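Only one structure is covered here, and it is reproduced in the block below.
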Amino acid sequence: MKKTILYLAVAGSCFAACKSGEKSETATSPDSVAIKMINDSSFSGHIRVLASDEFQGRKPFTIGETKSINYLKEQFSLLGLKPGNGDSYFQEVPMIEIKSAPESKMVFKGAGGEVTAAYLTGFVAATKRVQPEVKLANSSLVFAGYGIVAPEYKWNDYAGLDVKGKTVVVMINDPGFADSTQFRGKNMTYYGRWTYKFEEAARQGAAGILIIHDTEPAAYPWSVVRSGWSKSKLQAEEKDNNMSRAIVEGWISMDIAKSLLKIGGQSEAIFKAAGKPGFKAVDLKLSTSLTIKNTIKKSISNNVVAIIPGTKRPKENIIYSAHWDHLGIGEKVNGDSIYNGAVDNATGVAALLEIAAAFQKSPQKPERSIVFVSFTGEEQGLIGSEYYAKHPVYPVSETVADLNMDMMGIAGKTKDIVVYGYGQSELEDYAEVSAKKQGRVIVKDPVPSSGLYYRSDHFNFAKVGIPSLFTGSGVDNIKNGRAWGLKQVAEYTKSRYHAPGDNFDAITDYSGMVEDTRLLFDMGYRLSHETTYPKWKEGSEFKAIREKK
3 MKKTILYLAV AGSCFAACKS GEKSETATSP DSVAIKMIND SSFSGHIRVL ASDEFQGRKP
63 FTIGETKSIN YLKEQFSLLG LKPGNGDSYF QEVPMIEIKS APESKMVFKG AGGEVTAAYL
123 TGFVAATKRV QPEVKLANSS LVFAGYGIVA PEYKWNDYAG LDVKGKTVVV MINDPGFADS
183 TQFRGKNMTY YGRWTYKFEE AARQGAAGIL IIHDTEPAAY PWSVVRSGWS KSKLQAEEKD
243 NNMSRAIVEG WISMDIAKSL LKIGGQSEAI FKAAGKPGFK AVDLKLSTSL TIKNTIKKSI
303 SNNVVAIIPG TKRPKENIIY SAHWDHLGIG EKVNGDSIYN GAVDNATGVA ALLEIAAAFQ
363 KSPQKPERSI VFVSFTGEEQ GLIGSEYYAK HPVYPVSETV ADLNMDMMGI AGKTKDIVVY
423 GYGQSELEDY AEVSAKKQGR VIVKDPVPSS GLYYRSDHFN FAKVGIPSLF TGSGVDNIKN
483 GRAWGLKQVA EYTKSRYHAP GDNFDAITDY SGMVEDTRLL FDMGYRLSHE TTYPKWKEGS
543 EFKAIREKK
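So the sequence shown is numbered by the numbering used here: it starts at 3 and just counts up by one.
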């Protein structure tokens, strides 16, 4: 669900070239032949294979994984890259697949009446607990605002609240979405992510947690929630079998939430009140029960790792990353049940291979090592990158940067390129210099409330202190303008994102993807010939982590 509005209207202003970036720019420039290795023909060729029906949507633990990782291994080998994990191209990632089958209805009861939510239309639910069956029994409902405990913002929705055995109902996003004076205003913090809310409910000892879906602050429609939660879900293998997690984790629609407030004797004004400091949780005087039966499978998935050793400082490495996985086979839409994931994220994997080819073709080889990592389980919660961050193949202290590629542009060749989480690190300055070479400009995250900086694999590198860059293609098409670009984005979001319609044949223009990939190659090429490490900027929550390394 991380990227539904990845390409929405770019409203931010452009920035002048950063002086600090200019000062450190090396005189070394990539060879034109190397740059031309990144082209429409080879780019589309990789996507054609990866997004084919034969790869069955590239879900981990399926034939789609086997085909995907072997394709990457074959391509890296043909390019002459060495195995990146000792003598292997693979890093094993222990994972568990759980297919949760909740009851078809979730009934909420109270003195004021009864509300019934139907599975997939009114609620979705699953469990992370590795058990054949879990039960939520007559659990009392508590509205806990945003479900956030954030000492640095003097915010605690659980203050004085004992939720053991209870089910908390919480809002999506954080208070800054509705009130720019709270948290970081429209810039979503990690506290606004649904993953955090589940984690915090577990820390508080809640038996269940239900997030209220609201399209604007969530940044994606209910259909995305439905498609993601109707399939089996993967998770990292934990020693406690996730028994520390809530029994039930799920979402309810806004219509169901409003009905619950009504029979619970509350008005919708409670949503606004929840965004004010000092809000106290409210007992809804309702209860609910739910049984979930699970089909469990333990297995090993794989990250794919390849390397071009540096000529002078091989221990120092620059990582390019892109997840190979998608959603596999799911609910039929217009007769099609294969979620091919052409844009999300066969494009990023193609870019990974294109950049590898460009480095291999360059006559001046990188002085630092260039590592290429394609992660598993991104669509299931950034699992592969989390595992890598906890079990790095190359030391975190010697990793210069991560340049992540996820959902390459669909608006063609543009005058702009977006940097998500702008203001985080000096990598933005490098991106600005490379963009200037193309006659392009850097723009801020167009919709900072979506929290996209926390939604792709680079985030797990940032969490361990490695400067990480996540760019999104612009929308200001060089021929047709911004309005046209936005129209392409809207069509993708409505009809193809996380849907069977994200097919290879739906991509008609590769020029923007190629241009963005060349920009990222230029950045890494420059970094590979430097001796300094890019730094986090003042105010970044990751700065102190890096400085401790």
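Heads up, the beta-carbon is just placed ideally off N, CA and C, and yes, glycines get one too. Owing to the predicted nature of the structure, the values given are computational and were not obtained by experimental measurement.
* Please confirm if the stretch 98 to 116 is in contact with the stretch 216 to 236, defined as three or more CB-CB distances below 8 Å between the two stretches. => yes
* **Proximity of V35 and S303 at Cβ, strictly below 9 Å** => Position 33 of the sequence shown holds residue 35. Position 301 of the sequence shown holds residue 303. The answer is no: Cβ separation not under 9 Å.
* Rounded to whole angstroms, what's the CA-CA distance from K61 to A271? Just pull it up for me. => Working through the sequence shown from its first residue, we reach residue 61 at position 59. Working through the sequence shown from its first residue, we reach residue 271 at position 269. Their backbone Cα atoms lie some 42 Å apart in a straight line.
* Asked: Is it the case that the Cβ atoms of F145 and V171 are separated by a distance below 9 Å?
  -> In the sequence shown, residue 145 corresponds to position 143, counting from 1. In the sequence shown, residue 171 corresponds to position 169, counting from 1. A contact, by the Cβ cut-off of 9 Å.
* **Exposure label - L8; buried when at least 16 CB within 10 Å** => By 1-based counting over the sequence shown, the position of residue 8 is 6. Model confidence at L8 stands at a pLDDT of 43, short of 50, so the residue's coordinates are unreliable and nothing is read from them.
* Asked: Between the stretch 76 to 89 and the stretch 537 to 547, do three or more beta carbon pairs fall short of 8 Å?
  -> no
* To do: May I ask you to list the residues that DSSP assigns as paired with R228?
  => The residue you call residue 228 lines up with position 226 of the sequence shown. Per DSSP, none; premise fails for R228.
* Determine contact between the stretch 367 to 381 and the stretch 38 to 49, defined as no fewer than three beta-carbon pairs at a distance below 8 Å. => no
* To do: Select from S229, Y73 and Q133 the residue whose C-alpha is nearest the C-alpha of N244.
  => For the purposes of this step, residue 244 is taken as residue 242 along the sequence shown, with counting starting at 1. Closest by alpha carbon: Q133.
* Hey, how far is the Cα of V491 from the Cα of T349? -> Here residue 491 is taken as the residue at index 489 of the sequence shown, counted from 1. Here residue 349 is taken as the residue at index 347 of the sequence shown, counted from 1. The straight-line gap from Cα to Cα measures roughly 15 Å.
* **Span separating the alpha-carbon of N342 from that of H328** => The sequence position of residue 342 within the sequence shown is 340, counting from 1. The sequence position of residue 328 within the sequence shown is 326, counting from 1. Taking the straight line from one Cα to the other gives about 7 Å.
* Asked: If we count the other Cβ atoms within 10 Å of its Cβ and call it buried at 16 or more, is S141 buried or exposed?
  -> Numbered from 1 along the sequence shown, position 139 holds the residue referred to as residue 141. So S141 ends up on the buried side.
* **Close Cβ partners of K69 (< 6 Å) along its chain, the five nearest in sequence each way excluded** => By one-based count along the sequence shown, residue 69 stands at place 67. Counting only Cβ-Cβ distances below 6 Å, and skipping sequence neighbours, we find F57.
* Mind checking if K235 is an interface residue toward chain B, Cβ cutoff 9 Å exclusive? -> The chain labelled as chain B is not found in the depicted structure, where only one protein chain is given.
* Asked: For the stretch 312 to 381, which segments carrying the beta strand (DSSP E) assignment without a break, of at least 3 residues, lie completely within its bounds, in sequence order?
  -> 315 to 325, 330 to 335, 338 to 341 and 370 to 377
* Label L286 either buried or exposed according to how many other C-beta atoms from any shown protein chain fall within 10 Å of its C-beta, with 16 as the threshold for buried. => Here residue 286 corresponds to residue number 284 of the sequence shown, with the count starting at 1. L286 comes out buried.
* **Contact belief for V402 with L529 at Cβ below 8 Å, rounded distance in angstroms** => As a working note, residue 402 is residue 400 in the sequence shown. As a working note, residue 529 is residue 527 in the sequence shown. Indeed they touch by this definition, with Cβ atoms about 6 Å apart.
* Asked: Can you tell me where the alpha helix (DSSP H) with W486 in it begins and where it stops?
  -> Taking the first residue of the sequence shown as position 1, residue 486 is located at position 484. Here the alpha helix (DSSP H) through W486 covers G483 to S497.
* If we call anything under 9 Å between Cβ atoms a contact, is Y527 one with P32? -> Taking the sequence shown and counting its residues from 1, one reaches residue 527 at position 525. Taking the sequence shown and counting its residues from 1, one reaches residue 32 at position 30. Yes. Within cutoff.
* Rounded to a whole number of angstroms, what is the C-alpha to C-alpha distance between Y432 and K496? -> The residue labelled residue 432 in the question sits at position 430 within the sequence shown. The residue labelled residue 496 in the question sits at position 494 within the sequence shown. About 33 Å.
* Asked: By Cβ distance, which residues of its chain are closer than 6 Å to T313, with the 5 residues on each side in sequence left out?
  -> Translated into positions along the sequence shown, residue 313 becomes position 311. So the list reads K367 and E369, once near-sequence residues are dropped.
* Asked: Where DSSP assigns a beta bridge to M108, which residues make up the other side?
  -> The residue you call residue 108 lines up with position 106 of the sequence shown. According to DSSP, M108 bridges with A119.
* **Three-state class that DSSP yields for N462 in the structure shown** => Here residue 462 corresponds to residue number 460 of the sequence shown, with the count starting at 1. If DSSP states are grouped into helix, strand and coil, N462 belongs with the helices.
* Selection from A360, H325, K75 and V449 that minimises the alpha carbon distance to I385 -> One-based indexing of the sequence shown puts residue 385 at position 383. The shortest C-alpha separation from I385 is found at H325.
* Which term fits E318, buried or exposed, when burial requires 16 or more other beta carbons within 10 angstroms of its beta carbon? -> Looking up residue 318 in the sequence shown gives position 316. With 16 or more Cβ atoms within 10 Å of its Cβ, E318 is classed as buried.
* To do: Report the rounded CA-to-CA distance for S54 versus H500, giving the unit in angstroms.
  => Within the sequence shown, residue 54 is the residue found at index 52, counting from 1. Within the sequence shown, residue 500 is the residue found at index 498, counting from 1. Approximately 15 Å between the Cα atoms of the pair.
* To do: Could you pull the start and end residues of the alpha helix (DSSP H) that M515 belongs to?
  => Position 513 of the sequence shown holds residue 515. Here the alpha helix (DSSP H) through M515 covers S513 to S530.
* Between which two residues does the alpha helix (DSSP H) containing V403 stretch? -> Numbered from its first residue, the sequence shown carries residue 403 at position 401. The question names Val, yet the displayed sequence has Ala at residue 403. Counting along the chain, A403 falls outside any alpha helix (DSSP H), though it belongs to the beta strand (DSSP E) covering T401 to N406.
* To do: Give, in chain order, every unbroken run of the beta strand (DSSP E) that is at least 3 residues long and sits entirely within the stretch 414 to 465.
  => 418 to 421 and 443 to 446
* **DSSP-derived helix/strand/coil call for F185** => Within the sequence shown, the letter at position 183 stands for residue 185. Three-state DSSP puts F185 in coil, outside helix and strand.
* Buried or exposed (CB count within 10 angstroms, at least 16 for buried), H393 -> Counted from its first residue, the sequence shown places residue 393 at position 391. Flag for H393 reads exposed.
* Any idea if K168 is buried or exposed, counting beta-carbon neighbours within 10 angstroms, 16 or more meaning buried? -> For the purposes of this step, residue 168 is taken as residue 166 along the sequence shown, with counting starting at 1. Answer is buried; the Cβ neighbour count reaches 16.
* Asked: Name the DSSP beta bridge partners of L288, please?
  -> If you number the sequence shown from 1, residue 288 lands on position 286. Answer is G112, bridged to L288.
* Asked: What separation, rounded to the nearest whole angstrom, lies between the Cα atoms of I254 and D478?
  -> The residue given as residue 254 occupies position 252 in the sequence shown. The residue given as residue 478 occupies position 476 in the sequence shown. In a straight line, the C-alpha of I254 is about 37 Å away from that of D478.
* **Burial state of T416, where buried means 16 or more other Cβ atoms lie within 10 Å** => Position 414 of the sequence shown, counting from 1, holds the residue named residue 416. With 16 or more other Cβ atoms within 10 Å, it is buried.
* Asked: Rounded to a whole number of angstroms, what is the C-alpha to C-alpha distance between A180 and Y198?
  -> In the sequence shown, counting from the first residue as 1, residue 180 sits at position 178. In the sequence shown, counting from the first residue as 1, residue 198 sits at position 196. Whole-angstrom Cα-Cα distance: 19 Å.
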